[in-house]
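One structure below.
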Amino acid sequence: DQQVKQNSPSLSVQEGRISILNCDYTNSMFDYFLWYKKYPAEGPTFLISISSIKDKNEDGRFTVFLNKSAKHLSLHIVPSQPGDSAVYFCAASGGSQGNLIFGKGTKLSVKP
Amino acid sequence: NAGVTQTPKFRVLKTGQSMTLLCAQDMNHEYMYWYRQDPGMGLRLIHYSVGEGTTAKGEVPDGYNVSRLKKQNFLLGLESAAPSQTSVYFCASSPSGSYNEQFFGPGTRLTVL
Numbered sequence: 151d152q153q154v155k156q157n158s159p160s161l162s163v164q165e166g167r168i169s170i171l172n173c174d175y176t177n178s179m180f181d182y183f184l185w186y187k188k189y190p191a192e193g194p195t196f197l198i199s200i201s202s203i204k205d206k207n208e209d210g211r212f213t214v215f216l217n218k219s220a221k222h223l224s225l226h227i228v229p230s231q232p233g234d235s236a237v238y239f240c241a242a243s244g245g246s247q248g249n250l251i252f253g254k255g256t257k258l259s260v261k262p
Numbered sequence: 102n103a104g105v106t107q108t109p110k111f112r113v114l115k116t117g118q119s120m121t122l123l124c125a126q127d128m129n130h131e132y133m134y135w136y137r138q139d140p141g142m143g144l145r146l147i148h149y150s151v152g153e154g155t156t157a158k159g160e161v162p163d164g165y166n167v168s169r170l171k172k173q174n175f176l177l178g179l180e181s182a183a184p185s186q187t188s189v190y191f192c193a194s195s196p197s198g199s200y201n202e203q204f205f206g207p208g209t210r211l212t213v214l
């Protein structure tokens, strides 16, 4: 059973508008969450993270929100730019090894 | 700094052949990981290492072996390749385990015929 779920395979947004990518998890032992961005034929690159002791983390145009009671996190991109078009993976970890469990990804398309 | 590099970038194997994928990192990271990514799937952990000379199984270890003889290198071996191992393989490293991002290499696209 999937422990990290990204239920939207794709999302299309107009340039300048907000992109909201969602992620749900089932394991209450997860205490650190990350978002990665992946362009075709490249490796994933780290975008932003949040620990379970916080409910929000912001870095420039990117904000991650964590709702522990709902086991839900979301990534907000404001304003969206065409260069943000990529696949976004949500990942979660818990435990000392830091092993990451990834969702299946959401393909974001930002249209000019 | 090159970061995380992977060799080769592409490879085609026949069923039953063997090969080794090499991952190298120049960031002096303790932890290294091997993942595979299949179409429509997230990355799944094959094996990982928490330091030189150590290895451990991840989520999908069957059919793979690994070695970490030097801190900067992590090798992934396929002893007898199967079509089910056709995938894109990513290596990653991190300074330590918990509460750290992992840095990924560019990937190796492997096709097993």
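Sequence lines, in order, name chains H and E.
Under this note's numbering, residues 151 to 262 are what the first sequence spells out, in order.
Under this note's numbering, residues 102 to 214 are what the second sequence spells out, in order.
Heads up, the beta-carbon is just placed ideally off N, CA and C, and yes, glycines get one too.
Using a C-beta cutoff of 8 Å, does residue i count as contacting chain E?
i: Pro190/H; result: no
i: Gly166/H; result: no
i: Ser259/H; result: no
i: Ser160/H; result: no
Do residue j and residue i come within 8 Å of each other at the CB atom, strictly closer than that value?
i: Lys261/H; j: Gly141/E; result: no
i: Ala103/E; j: Asn174/E; result: no
i: Thr187/E; j: Thr209/E; result: no
i: Ser169/H; j: Ser230/H; result: yes
i: Thr121/E; j: Leu214/E; result: no
i: Arg169/E; j: Met128/E; result: no
i: Phe191/E; j: Phe204/E; result: no
i: Lys187/H; j: Tyr238/H; result: yes
i: Leu216/H; j: Trp185/H; result: no
i: Arg145/E; j: Val167/E; result: no
i: Glu131/E; j: Pro196/E; result: yes
i: Met159/E; j: Tyr149/E; result: The displayed chain sequence assigns Gly, not Met, to residue 159/E. Yes, these two residues count as a Cβ contact at 8 Å.
i: Ala266/H; j: Ile251/H; result: An answer regarding residue 266/H cannot be provided, because it is not within the stretch 151 to 262 covered by chain H.
i: Leu161/H; j: Leu258/H; result: yes
i: Phe212/H; j: Leu197/H; result: yes
Closer than 7 Å by beta-carbon distance: list the chain H residues that pair up with residue i, in chain order.
i: Asn102/E; result: None at all; the shortest Cβ gap to chain H is about 15 Å.
i: Gly141/E; result: Lys254
Are the C-beta of residue i and some C-beta of chain H separated by less than 8 Å?
i: Val151/E; result: yes
i: Tyr190/E; result: no
i: Gly208/E; result: yes
i: Glu185/E; result: One detail in the question is off: residue 185/E reads as Ser in this sequence, not Glu. It does not: the Cβ of Ser185/E has no partner Cβ on chain H nearer than 8 Å.
Starting from residue i, find everything on chain E with Cβ-Cβ shorter than 9 Å and list it in chain order.
i: Leu250/H; result: Tyr134, Tyr136, Leu144, Leu146, Ala193, Gln203
What is the C-beta distance between residue i and residue j, in whole angstroms, given that I count them as a contact (C-beta under 8 Å)?
i: Gly245/H; j: Ser199/E; result: 7 Å
i: Phe214/H; j: Ile200/H; result: The sequence shown places Val at residue 214/H, not Phe. That pair is a contact at about 5 Å.
i: Ala182/E; j: Leu114/E; result: 5 Å
Please list, in chain order, the chain H residues whose beta carbon lies closer than 9 Å to that of residue i.
i: Ser199/E; result: Asp181, Tyr182, Ser243, Gly244, Gly245, Ser246, Gln247, Gly248
Shorter than 7 Å, the distance from the beta carbon of residue i to the closest heavy atom of the ligand SAH, or not?
i: Phe215/H; result: With respect to the ligand SAH, the structure shown offers nothing to examine, as it has no ligands at all.
Item to complete: For the stretch 172 to 188 of chain H, enumerate the residues whose C-beta is nearer than 7 Å to any C-beta of chain E, in chain order.
Response: Tyr182, Leu184
Discussion item. What are the residues in the stretch 210 to 240 of chain H lying within 8 Å of chain E by C-beta distance?
Written reply: Of all residues in the stretch 210 to 240 of chain H, only Phe239 come within less than 8 Å of chain E when Cβ atoms are compared, listed by chain position.
Practice prompt. May I ask you to list, following chain order, the residues of the stretch 154 to 165 of chain E that have a beta carbon less than 9 Å from some beta carbon of chain H?
Written response: Ala157, Gly159, Glu160
Worksheet item: If contact means a Cβ-Cβ distance below 8 Å, which residues of the stretch 192 to 203 of chain H contact chain E?
Response: Glu192, Gly193, Pro194, Thr195, Phe196, Ser199, Ser201
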